[in-house]
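Below is one structure; the comments refer to it alone.
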Amino acid sequence: MGRITALARDIYLVSLAGTGGLTALAWFDLWRRAGAMTHGTGAGMSMAMAMPRPMPWNFPDLLAAGAMWSVMMIAMMLPSATPMLLFFSGVQRSRAAAHGLGGPAALFVAGFLAIWLVWSWLAAGFQWAMQASFVLSPQLAVTRLPLAAALLAVAGVYQFTPLKHACLSRCQSPLGFLFTQWRDGAWGAAQMGVRFGGYCIGCCWALMALLFVVGVMNLLWVALLAIFVLLEKAVRRGPWPSRATGALLIAWAVYLLRSPAA
Amino acid sequence: MAWQLKGTYFENCNCDVVCPCSASSLTLPADKDRCRVLLAFHVDSGKIDGVDVGNLSVAVLADTPAMMHDGNWRVGVFMDAAASKPQAEKLGAVFSGQMGGPMAGLAPLIGEMLGVETAPIQYKNDGHRHSVKIGTAVDIEIEDLVPPQSKTGEASKITGIFHPANSTLTVARATKSRVKAFGLEFMNAGKNGHSAPFSWVG
Chain A
822 MGRITALARD
832 IYLVSLAGTG
842 GLTALAWFDL
852 WRRAGAMTHG
862 TGAGMSMAMA
872 MPRPMPWNFP
882 DLLAAGAMWS
892 VMMIAMMLPS
902 ATPMLLFFSG
912 VQRSRAAAHG
922 LGGPAALFVA
932 GFLAIWLVWS
942 WLAAGFQWAM
952 QASFVLSPQL
962 AVTRLPLAAA
972 LLAVAGVYQF
982 TPLKHACLSR
992 CQSPLGFLFT
1002 QWRDGAWGAA
1012 QMGVRFGGYC
1022 IGCCWALMAL
1032 LFVVGVMNLL
1042 WVALLAIFVL
1052 LEKAVRRGPW
1062 PSRATGALLI
1072 AWAVYLLRSP
1082 AA
Chain B
57 MAWQLKGTYF
67 ENCNCDVVCP
77 CSASSLTLPA
87 DKDRCRVLLA
97 FHVDSGKIDG
107 VDVGNLSVAV
117 LADTPAMMHD
127 GNWRVGVFMD
137 AAASKPQAEK
147 LGAVFSGQMG
157 GPMAGLAPLI
167 GEMLGVETAP
177 IQYKNDGHRH
187 SVKIGTAVDI
197 EIEDLVPPQS
207 KTGEASKITG
217 IFHPANSTLT
227 VARATKSRVK
237 AFGLEFMNAG
247 KNGHSAPFSW
257 VG
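The listed protein sequences correspond, in order, to chains A and B. FYI, in our numbering the residues of the first sequence are 822 to 1083. FYI, in our numbering the residues of the second sequence are 57 to 258.
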């Protein structure tokens, strides 16, 4: 029993270290990429390729952009999923002690990240489309005010939708998620990870698209959005904080449209 | 998003009669090092987001420190096999506290989930006897204590407490109690029980 308990504690610590390490690594890589872009000192070929270049993109460009979005989404979304991941590894710890087996928490994380990677590549495709239409600045912010306003308005209005609230309420309650979505075994762990990631995307996709408004490589905004996503899930005060943010985003959109440059 | 549930509840733990935890609203420690308790709910009628969840049962098995208010509860959940997928999801949302209500106060105390098992749940109220059978995992019956001198036949009660089911619970004792699930195994026959109707809205 002593050995099993020690093993279980290790699983827990490994989960925490793995999540923290992966997030730190992602942020470090993001910081390097952003530095490479703003100073133009190519910290490696792949970073430089994430920069906007004359069209058409070639295959390495797409790979670089997809990799960049993937790293960014890991950096932004993994912290807000930590309570769920720790809770889940706690479940696995108990089950390992009880049955001598359990779907590894790593599979849950893999499922969670897999669905976010799908989103990342969609975002990279979106970036490609916008670069092809020459509406992105070197910092990867949209240069057309009406387009920026549209992205803000979509994100703002989405904050009010029942779909947003349904996804958010599931992300806010790790216990509720496990109560309602439980699947046994290793394959079950992966499936639950994908589902949890799905709710997470349902919660945050529109907010992530705001990166095109503030500049995809603007690390300050990347951090602010990540912190907001974290707070939105951690602070359980019903739908109103989200709606208030939505109203602010809509107001921002209106302000942009009414500004003289529009 | 509104929901409401009405039904009956009973519990059976390993404390002697009467359990200090429930009588003190979780401010006094349990009789043993660990509290081992089953909380059984039967919904007589109810709707959650428009989904009818009447005539279904949910049970929660907990293994907690003696001082229950300290949290770190280990919890396993039994979902009624008779519940359809949408019914099970809605019930899970309410019983995990995700949709607010009394269970939202309990949720922060839970430190580990032992899992969710779907099993046939037979919940019965027969006068002062309340029983639940969950597959082969749980077989419990408690009996409310009625003072022998009582003319009305009413059970003894503790009142004015904070408890998710009700602020008034009967004083009861288990006549039968066998649990083997989620890696936990215990028998609480002769030990503490409580029963009460519950009525929740959220």
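Glycine included, C-beta positions come from ideal geometry on N, C-alpha and C. The structure presented is a predicted model; accordingly, all values stated were derived computationally and were not measured.
- Assigned with DSSP and collapsed to three states, Asp-850 (chain A) falls in helix.
- In this structure, the alpha-carbon of Ala-896 (chain A) lies about 15 Å from that of Ala-838 (chain A).
- Under the three-state reduction of DSSP, His-125 (chain B) is assigned to helix.
- Interface with chain A (8 Å Cβ-Cβ cutoff): Val-109 (chain B) is excluded.
- When DSSP states are grouped into helix, strand and coil, Ser-255 (chain B) belongs to the strand group.
- Val-93 (chain B) counts as buried, since at least 16 other C-beta atoms from the protein chains shown sit within 10 angstroms of its C-beta.
- In chain order, Ser-994, Leu-996, Gly-997 make up the part of chain A whose C-beta sits under 8 Å from the C-beta of Gly-153 (chain B).
- For Met-169 (chain B), there is no enclosing alpha helix (DSSP H); the residue is part of the beta strand (DSSP E) that begins and ends at 166-175.
- Under the DSSP definition of a beta bridge, His-184 (chain B) lacks any partner.
- Scanning chain B for C-beta atoms nearer than 9 Å to the C-beta of Val-912 (chain A) yields Glu-168, Met-169, Leu-170, Gly-171, reported in chain order.
- For Val-963 (chain A), the three-state secondary structure derived from DSSP is strand.
- For Ser-910 (chain A), the secondary structure class from DSSP, reduced to helix, strand or coil, is helix.
- Annotation for Ile-198 (chain B): the continuous beta strand (DSSP E) segment containing it runs 194-200.
- Against chain A, a Cβ distance below 7 Å from Val-133 (chain B) picks out Phe-1000.
- Looking at the DSSP output, Lys-236 (chain B) bridges to B:Glu-241.
- The bridge partners DSSP lists for Leu-94 (chain B) are B:Asn-68, B:Leu-117.
- Assigned with DSSP and collapsed to three states, Ile-217 (chain B) falls in coil, not helix or strand.
- Using a C-beta cut-off of 8 Å, the segment 1027-1045 of chain A makes contact with the segment 950-969 of chain A, since at least three inter-stretch Cβ pairs fall below that distance.
- Scanning B:His-219, B:Ile-177, B:Gln-60 for the CA closest to the CA of Ala-79 (chain B) turns up B:His-219.
- In the DSSP assignment, Pro-142 (chain B) falls within the unbroken alpha helix (DSSP H) covering 141-151.
- Closest option to Ala-245 (chain B), judged by alpha-carbon separation, among B:Ala-139, B:Ser-223, B:Arg-234: B:Arg-234.
- Here Thr-840 (chain A) carries a helix assignment [DSSP, helix/strand/coil].
- Assignment of alpha helix (DSSP H) within the segment 1045-1080 of chain A, counting only whole runs of 4 or more residues, yields 1061-1079 in chain order.
- For the pair of segments examined, the segment 901-910 of chain A was found to touch the segment 986-1003 of chain A: the number of CB pairs separated by less than 8 Å reaches three.
- Residue contact with chain B for Ser-1063 (chain A): absent (no Cβ-Cβ distance below 8 Å to any residue of chain B).
- Distance between Phe-908 (chain A) and Ser-941 (chain A), taken at the CA atoms: about 26 Å.
- Look at Val-107 (chain B) here: in three-state DSSP terms it is strand.
- Excluding residues up to 5 positions away in sequence, Pro-220, Trp-256 lie with their Cβ nearer than 7 Å to the Cβ of Pro-158 (chain B) in the same chain.
- Secondary-structure assignment with DSSP links Trp-59 (chain B) through a beta bridge to B:Ile-104.
- For Arg-1004 (chain A), no alpha helix (DSSP H) run applies, since DSSP gives it neither H nor E.
- By the neighbour-count criterion, in which 16 or more other beta carbons inside 10 Å mark a residue as buried, Trp-1003 (chain A) falls on the buried side.
- What Glu-145 (chain B) touches in chain A, judged by beta-carbon distance under 7 Å, is Thr-1001, going in chain order.
- By the C-beta criterion, the segment 205-212 of chain B is judged not to be in contact with the segment 123-140 of chain B, since fewer than 3 inter-stretch pairs fall below 8 Å.
- As DSSP reads the structure, Ala-228 (chain B) sits in a beta bridge with B:Asp-200, B:Gly-249.
- Annotated as proximal: Val-107 (chain B) and Lys-146 (chain B), with beta-carbon spacing under 8 Å.
- Of the residues B:Lys-236, B:Phe-242, B:Lys-213, B:Leu-240, the one whose Cα lies closest to the Cα of Ala-228 (chain B) is B:Lys-213.
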